[in-house]
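>
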Amino acid sequence: GKPIAGGQLFRKYLLNRCQENFERVWFTKEATAAAKASHDQATKAANEKKGTEEAEIYWDEYYATRKAKRQGLDLIKFFGELFKLQMLTERIMHECVKKILGNVENPEEEEIESLCQLLKTVGQLVDTPKARAHMDVYFTRMKELGKSTNVSSRMQFMLQDVIELRERKW
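Quick note on numbering: the sequence shown equals residues 1 to 170 in my numbering.
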């Protein structure tokens, strides 16, 4: 067939990059574990007055991992905007929400913040009669998260804001 060129090629490349980054940056369980371990080790090294070089290495690892998580949040915002431009499908938006909501037991703040940001951006567009059952499941989970003792009060309020936004028909 005819090779892809121009806008189609750009769109294909952009979508591939988005998917790669989403999978690599956002959902690396090892990165989360590494961040916690680095933070704990850096704190321990600082408390024990070990060499500042050792503590700095741990802090560097911790901040690098936190930066990756922040990039994940920015990526989710970008996905929402691409969806509004009809460059991403509704199915992809639902996949993002499902992956973000996958860690219900002990979610990271960035996961909750990303979920809230994404739903604020695209909620009205994806909350269709066809997708109502999916959205109801998402919001049931969000209500459960909002009551969890594992979730900071800041995140609880953020979740509540999005829940109320939906109740007010976006």
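No residue lacks a Cβ here, since even glycine has one placed at the ideal position from N, Cα and C.
This one's a predicted model, so the numbers in the text were calculated from it and none came from an experiment.
1. For K69 versus E108, is the C-beta spacing smaller than 8 Å?
2. Using CA atoms only, rank isn't needed, just tell me which of L119, L115, I4 and N21 is closest to K84.
3. So, helix, strand or coil for Q86, using DSSP?
4. Any idea what DSSP makes of V104, helix, strand or coil?
5. Would you call the CB atoms of I163 and M135 closer than 8 Å?
6. Kindly give me the distance between the Cβ atoms of L73 and E110, rounded to whole angstroms, as I take these residues to be in contact under 8 Å.
7. Express the C-alpha separation of N16 and L9 in angstroms, rounding to a whole number.
8. Ends of the alpha helix (DSSP H) at F139?
9. Whose C-beta lies closer than 7 Å to the C-beta of N106 among residues of the same chain, with five residues either side of it excluded?
10. State the Cα-Cα distance for the pair A64 and E56, rounded to the nearest angstrom.
11. Applying the criterion that 16 or more other CB atoms from any shown protein chain within 10 Å of the CB defines a buried residue, is Y13 buried or exposed?
12. From P129 to V97, what distance separates their C-alpha atoms?
13. Could you tell me if S152 is buried or exposed, where buried requires 16 or more neighbouring beta carbons within 10 angstroms of its beta carbon?
14. So F22 and L75 are in contact, right, with Cβ under 8 Å, and what is the actual spacing, rounded?
15. What are the start and end residues of the alpha helix (DSSP H) that includes F157?
From the atom records:
1. Here K69 is near E108, since their CB atoms are less than 8 Å apart.
2. Closest by alpha carbon: L119.
3. coil
4. DSSP places V104 in coil when its eight states are reduced to three.
5. no
6. 5 Å
7. 11 Å
8. R132 to K147
9. N150
10. 12 Å
11. Classification for Y13: exposed.
12. 17 Å
13. Exposed, because fewer than 16 other Cβ atoms sit within 10 Å of the Cβ of S152.
14. 6 Å
15. Taken as a continuous stretch (DSSP letters only), the alpha helix (DSSP H) holding F157 covers S153 to E167.
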